[in-house]
Ligand code: GLV
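What follows is the structure, encoded as structure tokens:
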């Protein structure tokens, strides 16, 4: 694209020089999401951004910024001038599996208070449903059975939050505010007010043994894949409840079924699955101890995150450091 550079010549006359500057285009690559609300939200902030939607995004050499979700693997090889890839969500595990991400590209993700508070709402709802026996009452209702069950005080239930990143930390704090006894586990030691934090592999067993409700909010990395398995879930106290709101691949599904069926676990609330949508024939659908939601615990609202997308686009243009960068070595 031709641009004009205004400059002062040696004799202090303004010069106009035609130079070739690369075009800066933002392309949305999101085959499983409707791009329209994203385009509208970005345009509402900056109508000047050259915004295109894959697959009809014209000359791919123009594209410097890709906003992506569930992109076809290998697609970035087509974009020779890509500088930034932004995940439309908080998670980047699927994105980072793509070996076509060019080396010089900066990857960013969404960090958004709405995402955090929605996750807090979901975990609270699931924890309270379990604690106040709503799931058992729903079954009793099916049988027209009037049977009061022993109530549990929130302060007598220990919730263990696995993963104390930005979202896990906020969720743990929210649980404390509501009155749950709250503990947490993370790779490195952290300090969160009124939350007992366990860290590293050596403290995992103690953390699990104390978690009456286990909430998985870990990033999915090779280290955390299959971390919820027969061995770890078996270390939870008898009658524990499992909430997975991170990624399906954290959980070995057959192992969970085994521990539900032998009554070691009281139940599970699952928002994410190894295969999504959950296949029709999957045993979770009809399991009386399993509550299923279709990956909705925390959904990115385009209006809420458009300001950070536009800000990062402008920073890219100005060659400034971007917000919410992903550490590619750590994988989150
Ligand atoms: C949703 O799963 C996200 O990563 O934002």
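Numbering (this note's numbering), first residue to last: 3 to 334. Glycine included, each C-beta is placed from N, C-alpha and C at the ideal position. Just so you know, these numbers come straight off a predicted model, no measurement behind them.
Spatially closest choice to residue i from the options, by CA coordinates
{"i": "residue 333", "options": "44, 109 and 242", "result": "109"}
{"i": "residue 233", "options": "40, 257 and 314", "result": "257"}
{"i": "residue 250", "options": "92, 229 and 36", "result": "229"}
{"i": "residue 316", "options": "36, 198, 52 and 204", "result": "52"}
{"i": "residue 89", "options": "71, 36, 137 and 222", "result": "71"}
{"i": "residue 97", "options": "78, 211, 140 and 146", "result": "78"}
{"i": "residue 39", "options": "303, 50 and 143", "result": "303"}
{"i": "residue 179", "options": "169, 156, 189 and 301", "result": "156"}
{"i": "residue 217", "options": "225, 238 and 202", "result": "238"}
CB contact flag (residue i, residue j, <9 Å)
{"i": "residue 194", "j": "residue 171", "result": "yes"}
{"i": "residue 33", "j": "residue 73", "result": "yes"}
{"i": "residue 290", "j": "residue 128", "result": "no"}
{"i": "residue 183", "j": "residue 125", "result": "no"}
{"i": "residue 56", "j": "residue 29", "result": "yes"}
{"i": "residue 187", "j": "residue 167", "result": "no"}
{"i": "residue 206", "j": "residue 165", "result": "no"}
{"i": "residue 276", "j": "residue 253", "result": "yes"}
{"i": "residue 95", "j": "residue 222", "result": "yes"}
{"i": "residue 199", "j": "residue 191", "result": "yes"}
{"i": "residue 296", "j": "residue 283", "result": "no"}
{"i": "residue 92", "j": "residue 160", "result": "no"}
{"i": "residue 173", "j": "residue 122", "result": "yes"}
{"i": "residue 225", "j": "residue 189", "result": "yes"}
Three-way DSSP call (helix, strand, coil) for residue i in this model
{"i": "residue 287", "result": "helix"}
{"i": "residue 301", "result": "coil"}
{"i": "residue 8", "result": "Its pLDDT being 48, under 50, residue 8 is placed unreliably by the model, and the measurement read from it follows with that caveat. Residue 8 falls in the strand class under three-state DSSP."}
{"i": "residue 14", "result": "Its pLDDT being 49, under 50, residue 14 is placed unreliably in this model, and the value from its coordinates should be taken loosely. In this structure, residue 14 counts as coil in the three-state DSSP scheme."}
{"i": "residue 265", "result": "coil"}
{"i": "residue 314", "result": "helix"}
{"i": "residue 168", "result": "helix"}
{"i": "residue 144", "result": "helix"}
{"i": "residue 40", "result": "helix"}
{"i": "residue 188", "result": "strand"}
{"i": "residue 92", "result": "coil"}
{"i": "residue 272", "result": "strand"}
Bounding residues of the beta strand (DSSP E) (the contiguous stretch that carries residue i)
{"i": "residue 164", "result": "160-164"}
{"i": "residue 243", "result": "242-246"}
{"i": "residue 52", "result": "52-55"}
{"i": "residue 67", "result": "65-70"}
{"i": "residue 27", "result": "27-31"}
Residue i at chain C interface by Cβ criterion, 9 Å
{"i": "residue 127", "result": "Considering every chain present, this structure includes no chain C. It has just one protein chain."}
(Q) Whether or not the region 93-103 and the region 145-156 are in contact is what I'm after, with contact meaning three or more pairs of Cβ atoms, one per stretch, closer than 8 Å; do they touch? (A) no
(Q) With a threshold of 8 Å, are at least 3 pairs of Cβ atoms found where one atom belongs to the region 323-333 and the other to the region 60-76? (A) no
Q) Counting pairs of Cβ atoms below 8 Å between the region 302-320 and the region 43-58, do you hit three or more? A) yes
Q) Counting pairs of Cβ atoms below 8 Å between the region 234-245 and the region 266-273, do you hit three or more? A) yes
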